[in-house]
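> Protein chains in written order, with UniProt numbering: chain H, 1 to 346; chain S, 1 to 346. All residues carry an ideal CB built from backbone N, CA and C; glycine is no exception.
Protein chains: 2
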Amino acid sequence: MQKTTIKDIAKALNISPSTVSRALNGKNGVSEKLSVTIREKAEELGYVGNFAARSLKTSQSKTIGVTVSDIRNPFFLDFLKGVDNILFQRGYKFLLTDSGENVEKEKIYLMWLIEHGVDGILASPVTERDGKNNLELYKKIKNISIPIVFYDRVFPEESQFDSVTVDNKDSIIQALKYLYNKGHRKIGIFLSKSGIYTIEQRLEGFIEGCELLGIKINEEWIAKDLFPEEKTYDKLKKLKKNHNLPTAIIATNNKITKQLISASKKLNILIPNTLSIMGYDDLTENEIISPPITCIKQPVFEIGRIASTILLGKIENDETKTTKIVLKTEIVERNSIINLNKNTLN
Amino acid sequence: MQKTTIKDIAKALNISPSTVSRALNGKNGVSEKLSVTIREKAEELGYVGNFAARSLKTSQSKTIGVTVSDIRNPFFLDFLKGVDNILFQRGYKFLLTDSGENVEKEKIYLMWLIEHGVDGILASPVTERDGKNNLELYKKIKNISIPIVFYDRVFPEESQFDSVTVDNKDSIIQALKYLYNKGHRKIGIFLSKSGIYTIEQRLEGFIEGCELLGIKINEEWIAKDLFPEEKTYDKLKKLKKNHNLPTAIIATNNKITKQLISASKKLNILIPNTLSIMGYDDLTENEIISPPITCIKQPVFEIGRIASTILLGKIENDETKTTKIVLKTEIVERNSIINLNKNTLN
DNA sequence: GTGAAAGCGCTAACAA
DNA sequence: TTGTTAGCGCTTTCAC
Chain H
1 MQKTTIKDIA
11 KALNISPSTV
21 SRALNGKNGV
31 SEKLSVTIRE
41 KAEELGYVGN
51 FAARSLKTSQ
61 SKTIGVTVSD
71 IRNPFFLDFL
81 KGVDNILFQR
91 GYKFLLTDSG
101 ENVEKEKIYL
111 MWLIEHGVDG
121 ILASPVTERD
131 GKNNLELYKK
141 IKNISIPIVF
151 YDRVFPEESQ
161 FDSVTVDNKD
171 SIIQALKYLY
181 NKGHRKIGIF
191 LSKSGIYTIE
201 QRLEGFIEGC
211 ELLGIKINEE
221 WIAKDLFPEE
231 KTYDKLKKLK
241 KNHNLPTAII
251 ATNNKITKQL
261 ISASKKLNIL
271 IPNTLSIMGY
281 DDLTENEIIS
291 PPITCIKQPV
301 FEIGRIASTI
311 LLGKIENDET
321 KTTKIVLKTE
331 IVERNSIINL
341 NKNTLN
Chain S
1 MQKTTIKDIA
11 KALNISPSTV
21 SRALNGKNGV
31 SEKLSVTIRE
41 KAEELGYVGN
51 FAARSLKTSQ
61 SKTIGVTVSD
71 IRNPFFLDFL
81 KGVDNILFQR
91 GYKFLLTDSG
101 ENVEKEKIYL
111 MWLIEHGVDG
121 ILASPVTERD
131 GKNNLELYKK
141 IKNISIPIVF
151 YDRVFPEESQ
161 FDSVTVDNKD
171 SIIQALKYLY
181 NKGHRKIGIF
191 LSKSGIYTIE
201 QRLEGFIEGC
211 ELLGIKINEE
221 WIAKDLFPEE
231 KTYDKLKKLK
241 KNHNLPTAII
251 ATNNKITKQL
261 ISASKKLNIL
271 IPNTLSIMGY
281 DDLTENEIIS
291 PPITCIKQPV
301 FEIGRIASTI
311 LLGKIENDET
321 KTTKIVLKTE
331 IVERNSIINL
341 NKNTLN
């Protein structure tokens, strides 16, 4: 059995394809009666339309491309819900691609999205350790008038792109202040893959915050480039072996948070008594992990909603001014951080 | 700036579009020299192809549609990785749609996928409480020669569809045996949304397993239709209030697992001492939850790989025989289940 | 209110 | 080896 086309419906009803098209698209210029007949016939024959043909003709696809850096990261689940939340009601769908932190793969997928004629792109650009990225491609895409909104990550020097991010530096400064107030002075930070914008920002925030608060920085406690995040275990083990554990460690993503917890358990490091942990990202399981994780929460769902809204504005209203939104994070307090002041009083 | 077309390249090089097309698609019938020139020009002009045009002409899209019942379920993350693992290397991409356990939404997305001309579909069909589903639509899709492979869920009475599932009944029987061996006789099961194939199967497995092992079934301990899964708390609270807790509860999905843990904490029910819990799905956090969760593990990544492989076989080799793969689950042992025999010995 | 005709960008059969 | 031509299914302008 073949797919039904607009022609089949026209033939069956002895009318012209253009009339069928008009009726099916709800355009005026077709009598109400005929319109109904056409719709019924379409239903009867199981007509479903042909995206390729429509898109070819109208050069718009009502779809937008979304790139994520790693689909397994729960971060994206809420983000995607936020995106879907805006898009679905406005009649858009999205194409999801997973770059896997790989510049080459990102490029392939970006090309694929353009081939598909997406009306716009929501992207979280990849930067590899050596600084390699697809900035030039992104510029080209922008040049052929496909709007792009970056979310989560950006190219800091490039001002021509719209973006929705979180104040990464401030998020760590907040964490530092929180820990400081609880009496912590020996604080470490465990960072994921070097080169990634968010991670670099969080490191900057750490250094800035330490200076601000007069916390002495110990290079040993700054663990860089923990990617894959399983490296966390080795680093923590080394610190323990050298009897050089800080009293608190700030994780810089949810994977490192989990790795820190499980590594601590394996190494018999008691949380929060021996080591306090500030997690990153507020996942549902944070609450039932032992101990429940105090963490930095990003407004992920909102990021998805705002980025989509901006993108749609560019697509539908040809909005030209570039907007850069920076959202604040907040700290969700649970039990993975000990109050050292209190302890001293005992 | 406009998108570059094959015509632009042809004009720039003073040759015909068909030659350009041949060169770009690596078909023979073009001299190596010309082919190189064409490719260079294409690169220079930033040519990216046009999916709509190609798809319209060739009536194949090199994309497959994937429907998931709820994108927020971590189950799908590994599944998708498995799918991507097979598809990417064979030059296919996928369109992801989230039906949200909603038959209407599933229908809209299914139509959208067909409109997009997907070469095949990987689906986990939705069934609502009242039995409503899109079986007829699925049959129609099959009739217009778009291959479908069901994964995770199937229509049990329909033999014409290919599928990759897990032995759901057996998974619960295994769990029951495990609990029985640890001395448990008062066992409950917490089930998610009624009507869903996997859930119904797991219930059947529970009843069958109890009979097999001579475990007395207490209807109070069979909690049905916990959807949304937050209902878990109320059910557990009621059981506690009536002083009618079983010694062990089997969860039937990862959300209920988490809800059971957090509800137990809120209700001051000690796990595993007062209540043992058999989780469903082996998520990374199971290890660091308190206590670490003993659970039924589905080979999720494999499901994705196998389903994709079967589908590609149907698409590329016109494979006609229907295959139904049923994979076994296994139990991952951790600390959420107490050994009552041992306890007695103390 | 309806139909005829052109064309979106590409591929493939057929010619040369 | 290369070019010409037709047409995939649809929308849209221009007739009537």
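What is the residue span of the alpha helix (DSSP H) that S:Met111 lies within?
Within the second sequence, residue 111 of chain S is the residue found at index 111, counting from 1. Looking at the DSSP string, the run of the alpha helix (DSSP H) that includes S:Met111 is Val103 to Glu115.
> Using a Cβ-Cβ cut-off of 9 Å, state whether S:Lys265 counts as contacting chain H.
Translated into positions along the second sequence, residue 265 of chain S becomes position 265. It does: the Cβ of S:Lys265 has a partner Cβ on chain H nearer than 9 Å.
> Would you check if there are 3 or more beta carbon pairs closer than 8 Å linking the segment 108 to 125 of chain H to the segment 145 to 157 of chain H?
yes
> Apart from the five residues on each side of it in sequence, which residues of its chain come closer than 6 Å, Cβ to Cβ, to H:Leu327?
For the purposes of this step, residue 327 of chain H is taken as the residue at position 327 of the first sequence. Excluding positions up to five away in sequence, the list reads Val166 and Pro299.
> Do we get a CB-CB distance below 9 Å when we pair S:Thr322 with the residues of chain H?
The count along the second sequence starts at 1 and reaches residue 322 of chain S at position 322. So no, S:Thr322 is outside the interface.
> For H:Asn143, go through chain S and note every residue whose CB falls closer than 9 Å to its CB, in chain order.
To locate residue 143 of chain H, count along the first sequence from 1; it is residue 143. Close partners of H:Asn143 in chain S (Cβ separation under 9 Å): Met1 and Gly46.
> Just by C-beta distance, which residues in the segment 66 to 84 of chain H are closer than 8 Å to chain S?
Ile71, Arg72, Pro74, Leu77, Asp78, Leu80, Lys81 and Asp84
> Where does S:Glu330 fall in DSSP's three states?
Within the second sequence, residue 330 of chain S is the residue found at index 330, counting from 1. Looking at S:Glu330 - three-state DSSP - the assignment turns out to be strand.
> For S:Tyr180, is the beta carbon positioned less than 8 Å from some heavy atom of the ligand GTP?
In terms of ligand content, the structure shown is empty, and the ligand GTP therefore cannot be addressed.
> Mapping DSSP to helix, strand and coil, what is S:Val48?
Sequence index remark: in the second sequence, residue 48 of chain S carries index 48 (1-based). For S:Val48, the secondary structure class from DSSP, reduced to helix, strand or coil, is coil.
> Alpha carbon to alpha carbon, how far is H:Ile325 from H:Thr274?
Position 325 of the first sequence, counting from 1, holds the residue named residue 325 of chain H. Position 274 of the first sequence, counting from 1, holds the residue named residue 274 of chain H. Rounded to whole angstroms, H:Ile325 to H:Thr274 spans 39 Å at the Cα level.
> Could you tell me which residues DSSP puts in a beta bridge with S:Leu96?
Here residue 96 of chain S refers to the residue found at position 96 when the second sequence is read from its first residue. Partner(s): S:Val66.
> Is the separation between the beta-carbon of S:Leu239 and that of S:Ile215 shorter than 9 Å?
The sequence position of residue 239 of chain S within the second sequence is 239, counting from 1. The sequence position of residue 215 of chain S within the second sequence is 215, counting from 1. No, the Cβ-Cβ distance between S:Leu239 and S:Ile215 is not below 9 Å.
> Mind listing the chain S neighbours of H:Asn50? Cutoff is C-beta to C-beta under 8 Å, in chain order.
Counting from 1 along the first sequence, the entry for residue 50 of chain H is found at position 50. Result: Leu56, Glu115 and Gly117.
> Give a yes or no on whether the minimum CB-CB distance between S:Thr294 and chain H is below 9 Å.
Counted from its first residue, the second sequence places residue 294 of chain S at position 294. No, S:Thr294 does not count as interfacial toward chain H.
> Exposed or buried, what is H:Leu312 when buried is set at 16 or more other beta-carbons lying within 10 Å of its beta-carbon?
In the first sequence, the residue the question calls residue 312 of chain H occupies position 312. It is buried - the Cβ of H:Leu312 has at least 16 other Cβ atoms within 10 Å.
> Can you list, in chain order, the residues of its chain with a C-beta nearer than 7 Å to that of S:Lys7? Leave out the 5 residues immediately preceding and following it.
As a working note, residue 7 of chain S is residue 7 in the second sequence. Taken in chain order, the residues that qualify are Pro17.
> So, using beta-carbon positions, are S:Lys62 and S:Lys27 closer together than 9 Å?
As a first step, residue 62 of chain S must be located in the second sequence, where it is residue number 62. As a first step, residue 27 of chain S must be located in the second sequence, where it is residue number 27. Against a cut-off of 9 Å, the Cβ pair of S:Lys27 and S:Lys62 comes out as no contact.
> Taking C-beta pairs closer than 8 Å, name the residues in chain S that H:Thr284 reaches, listed in chain order.
Indexing the first sequence from 1 puts residue 284 of chain H at position 284. Going along chain S in sequence order, the residues near H:Thr284 (Cβ under 8 Å) are Lys258.
> Looking at the secondary structure, which residues open and close the alpha helix (DSSP H) in which H:Ser18 lies?
For the purposes of this step, residue 18 of chain H is taken as residue 18 along the first sequence, with counting starting at 1. For H:Ser18, the enclosing alpha helix (DSSP H) stretches over residues Pro17 to Leu24.
> Between H:Asp225, H:Ala251 and H:Asn268, which lies nearest to H:Lys237 when the distance is taken from Cα to Cα?
Here residue 237 of chain H refers to the residue found at position 237 when the first sequence is read from its first residue. For the residues H:Asp225, H:Ala251 and H:Asn268, the minimum Cα distance to H:Lys237 belongs to H:Asn268.
> Count the other CB atoms, across all protein chains shown, that sit within 10 Å of the CB of S:Leu345; report buried if there are 16 or more and exposed otherwise.
Taking the second sequence and counting its residues from 1, one reaches residue 345 of chain S at position 345. Its pLDDT being 49, under 50, S:Leu345 is placed unreliably in this model, and the coordinates cannot settle the point.
> Under the DSSP definition of a beta bridge, which residues are partnered with H:Cys295?
If you number the first sequence from 1, residue 295 of chain H lands on position 295. Its beta-bridge partners are H:Gly279 and H:Val332.
> For S:Ser35 and S:Ala23, I'd like the C-alpha separation in whole angstroms.
Translated into positions along the second sequence, residue 35 of chain S becomes position 35. Translated into positions along the second sequence, residue 23 of chain S becomes position 23. Rounded to whole angstroms, S:Ser35 to S:Ala23 spans 5 Å at the Cα level.
> Using a Cβ-Cβ cutoff of less than 8 Å, which residues in the same chain neighbour S:Asn339 once the five nearest sequence positions on both sides are dropped?
Looking up residue 339 of chain S in the second sequence gives position 339. Excluding sequence neighbours, S:Asn339 sits near Lys182 and Gly183.
> With distance defined between alpha-carbon atoms, name the residue in S:Arg202, S:Ser336, S:Thr309 and S:Gln174 nearest to S:Ala248.
For the purposes of this step, residue 248 of chain S is taken as the residue at position 248 of the second sequence. Minimum Cα distance to S:Ala248 is reached at S:Ser336.
> My understanding is that S:Val154 touches S:Tyr197, with C-beta atoms under 8 Å, so please give their C-beta distance in whole angstroms.
Numbered from 1 along the second sequence, position 154 holds the residue referred to as residue 154 of chain S. Numbered from 1 along the second sequence, position 197 holds the residue referred to as residue 197 of chain S. About 6 Å separates the two Cβ atoms, so the contact holds.
> Applying a beta-carbon distance threshold of less than 7 Å, which residues of chain H neighbour S:Met111?
As a first step, residue 111 of chain S must be located in the second sequence, where it is residue number 111. By Cβ distance, chain H contributes Val48.
> Where does H:Asn346 sit, in a helix, a strand or coil, going by DSSP?
Translated into the one-based positions of the first sequence, residue 346 of chain H becomes position 346. A caution first: H:Asn346 carries a pLDDT of 44, below 50, which makes its placement in the model too unreliable to give a value.
> Beta-carbon within less than 8 Å of S:Asp281's beta-carbon, same chain only, minus the 5 sequence neighbours each way: which residues are those?
The sequence position of residue 281 of chain S within the second sequence is 281, counting from 1. Answer for S:Asp281: Pro74, Phe75, Asn253, Asn254, Thr257, Cys295, Ile296, Lys297, Gln298 and Val300, listed in chain order.
> For a test of the three-state rule: what should DSSP assign to S:Ser124, helix, strand or coil?
Counted from its first residue, the second sequence places residue 124 of chain S at position 124. The answer is coil: DSSP assigns S:Ser124 none of H, G, I, E or B.
> So with CB distances below 7 Å, who are the chain S contacts of H:Leu96?
Counting from 1 along the first sequence, the entry for residue 96 of chain H is found at position 96. Result: Leu96.
> Can you give me the C-alpha to C-alpha distance between S:Thr329 and S:Leu77, rounded to a whole angstrom?
On the second sequence, position 329 is the one that residue 329 of chain S refers to. On the second sequence, position 77 is the one that residue 77 of chain S refers to. A direct Cα-Cα distance of roughly 18 Å separates S:Thr329 from S:Leu77.
> I need the DSSP call for S:Phe150, collapsed to helix, strand or coil.
Here residue 150 of chain S refers to the residue found at position 150 when the second sequence is read from its first residue. In this structure, S:Phe150 counts as strand in the three-state DSSP scheme.
> Rounded to whole angstroms, what is the Cα-Cα separation between S:Glu333 and S:Ile293?
Taking the first residue of the second sequence as 1, we reach residue 333 of chain S at position 333. Taking the first residue of the second sequence as 1, we reach residue 293 of chain S at position 293. Rounded to the nearest angstrom, the two C-alpha atoms are 8 Å apart.
> Name the chain S residues whose beta carbon is nearer than 7 Å to that of H:Glu287?
For this step, residue 287 of chain H is matched to residue 287 along the first sequence. Going along chain S in sequence order, the residues near H:Glu287 (Cβ under 7 Å) are Ser262.
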